[in-house]
Amino acid sequence: MPLRFDQEVPSPGNVQDQALAWFARLQDHKSGAADQAEFACWLAADPTHQTAYDKVVQLWQSPALNAALSQYASIPLRPPAQRKSTIRRWAAAASITLISGWFLASSGCLQRWQADITTATGEQRRVILADGSALVLNTDSAVKLDYAGQQRGVILISGEAYFEVQADKHRPFIVTTAQGTVRVVGTRFSVKTGDTTQVNVESGLVICSAEQGQNRQLSVGQHTEIDTHSVAEISNIDTGKTFAWLKGRLIFQDRTLADVITELDRYHPGAIVIADAKLANTRITGNYKLEDTAALIRTLADIAGAKTINISPYLTVLKS
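full-length UniProt numbering applies: residue 1 is where the sequence shown begins, and numbers increase by one.
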């Protein structure tokens with residue numbers, strides 16, 4: 001997701017890095033009252049510090065990380081003269097595992113390991129499923145196949161997918177997400193995950209259900225969003241724009257540059273930063289090819305009257 005700020009680019013992950021450092025420091029057997037007092041001051045300095053620290057603790061207590069650390073449980077205790085070095089080695093190994101685990105969890109890698117089909121940033125894949133239905137997996141996405149007995153469908157772990165479902169009234173096709181399900185017999189539609197599940201219908205009918213029970217039926221050219229409690233009111237979409245990504249294009253009509261960059265960022269292998277609020281609110285209209293996202297960033301910058309600053313191959317800043 002692109003950053004927007006008025007003065008300077010913050011250090012990526014700075015607060016989380018501090019939280020990791022504090023966690024490791026407090027595990028040290030030498031930490032004492034002075035460390036606890038300094039830690040308390042750090043927590044009180046900003047509400048985000050507590051949130052970041054809680055995330056580290058949650059990861060440390062997770063079953064996945066405990067399993068990774070279990071290999072160190074069998075390290076034999078050495079005589080007292082050597083025990084300190086053993087503790088330091090264990091702490092170093094644990095810290096490395098913790099930091100690696102944090103990276104994997106925050107990047108979604110742990111979830112993606114459960115997937116049957118994945119795509120990298122900027123990649124799209126078309127797959128024919130066991131029942132003859134087709135799946136097009138958009139950029140940076142992951143699905144797990146869910147075919148067993150009379151059941152057919154997928155679990156969309158992350159990202160976005162487009163489906164061309166073969167009709168079978170005896171076996172509905174079900175897409176499951178964190179917020180609910182999308183149920184069809186035969187149709188063409190897309191599902192996108194995130195804080196909510198977004199559903200767009202190109203043809204046929206789909207039934208969208210929230211995890212806690214509410215349902216809505218969508219037809220051609222309709223859109224809704226699902227959260228765990230409800231399914232939002234139905235709205236109409238321009239299917240040509242909505243499904244343009246299937247043809248390798250993005251189409252925008254009077255959208256802010258921030259909105260455009262948010263969408264483009266999904267296809268670009270690196271972070272795109274907008275350096276001020278006024279620039280972020282510049283209105284953009286256009287039909288763009290996705291084949292060269294770096295060139296597209298430069299085009300958008302020219303349209304918005306912005307400068308493009310390439311900090312590294314993985315960080316681009318747009319500045320007035």
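The C-beta atom is built at its ideal place from N, Cα and C for all residues, glycine as well.
Rounded straight-line distance, which links the Cα of residue j to that of residue i
i: Ala37; j: Asp302; result: 51 Å
i: Asp140; j: Gly32; result: 44 Å
i: Arg89; j: Gln18; result: Bear in mind that the predicted position of Arg89 carries a pLDDT of just 47, short of 50, making it too unreliable to give a figure here.
i: Ile274; j: Lys319; result: 7 Å
i: Gly240; j: Val56; result: 43 Å
i: Thr193; j: Lys307; result: 32 Å
i: Arg152; j: Ser230; result: 24 Å
i: Val136; j: Val127; result: 6 Å
i: Pro172; j: Gly248; result: 30 Å
i: Ala295; j: Leu264; result: 12 Å
i: Ser203; j: Lys289; result: 25 Å
i: Leu300; j: Tyr314; result: 18 Å
i: Ser190; j: Phe163; result: 6 Å
i: Ser133; j: Trp245; result: 19 Å
i: Trp42; j: Ala34; result: 12 Å
i: Val182; j: Ala210; result: 9 Å
i: Gly305; j: Val15; result: 33 Å
i: Asp131; j: Asp227; result: 29 Å
i: Leu20; j: Tyr53; result: 7 Å
i: Asp276; j: Ala232; result: 32 Å
i: residue 352; j: Phe252; result: Residue 352 lies beyond the stretch modelled for the chain, which goes from 1 to 320, so this question has no answer here.
Buried or exposed (CB count within 10 angstroms, at least 16 for buried), residue i
i: Thr224; result: buried
i: Thr316; result: buried
i: Arg25; result: exposed
i: Tyr267; result: buried
i: Asn200; result: buried
i: His49; result: buried
i: Ile311; result: exposed
i: Thr285; result: exposed
i: residue 321; result: Residue 321 is absent from the structure shown; the chain starts at 1 and stops at 320.
i: Ile261; result: buried
i: Cys208; result: buried
i: residue 325; result: With the chain represented from 1 up to 320, any question about residue 325 goes unanswered, as that position is not in the structure.
i: Gly149; result: exposed
i: Gly159; result: buried
i: Glu291; result: exposed
i: Thr196; result: buried
i: Gly180; result: buried
i: Thr293; result: buried
i: Gln198; result: buried
i: Gln212; result: exposed
i: Ala40; result: exposed
i: Gln222; result: buried
i: Asn287; result: exposed
Residue span of the alpha helix (DSSP H) that contains residue i, given as start and end
i: Leu129; result: It is not in any alpha helix (DSSP H) - Leu129 carries neither H nor E in the DSSP assignment.
i: Ala295; result: 293-304
i: Ala134; result: No alpha helix (DSSP H) contains Ala134, which is instead part of the beta strand (DSSP E) from 134-137.
Secondary structure of residue i, DSSP reduced to three states
i: Asp254; result: strand
i: Thr177; result: coil
i: Glu233; result: coil
i: Arg171; result: coil
i: Gln124; result: coil
i: Tyr147; result: coil
i: Tyr267; result: coil
i: Thr224; result: strand
i: Leu246; result: helix
i: Val199; result: strand
i: Thr119; result: coil
i: Lys53; result: At residue 53 the sequence reads Tyr, which differs from the Lys that was named. Residue state, collapsed to three classes: helix.
i: Leu20; result: helix
i: Arg283; result: strand
i: Ser320; result: coil
i: Leu26; result: helix
i: Pro76; result: Reliability fails at Pro76, whose pLDDT of 41 lies under 50, so the model's placement of it is uncertain and the value that follows must be treated cautiously. Correct three-state label for Pro76: coil.
i: Ala277; result: helix
Residue interval of the beta strand (DSSP E) (run including residue i)
i: Lys192; result: 188-192
i: Arg183; result: 180-184
i: residue 326; result: Residue 326 lies beyond the range of the chain shown here (1 to 320); nothing can be said about it.
i: residue 321; result: Only positions 1 to 320 of the chain appear in this structure, which leaves residue 321 out of reach.
i: Leu218; result: 215-218
i: Leu43; result: Run containing Leu43: none in the beta strand (DSSP E); it sits in the alpha helix (DSSP H), 33-45.
i: Ser312; result: 307-312
Presumed contact (8 Å Cβ cut-off) between residue i and residue j, rounded CB distance
i: Thr177; j: Ala142; result: About 12 Å; that fails the 8 Å criterion.
i: Val175; j: Leu156; result: 6 Å
i: Gln166; j: Gly186; result: 6 Å
i: Leu257; j: Ala271; result: 15 Å between Cβ atoms; not a contact.
i: Ala115; j: Lys144; result: 5 Å
Proximity test, residue i beta-carbon vs the ligand SAM heavy atom, cut-off 7 Å
i: Gln18; result: As for the ligand SAM, it is missing from this structure, which has no ligand bound.
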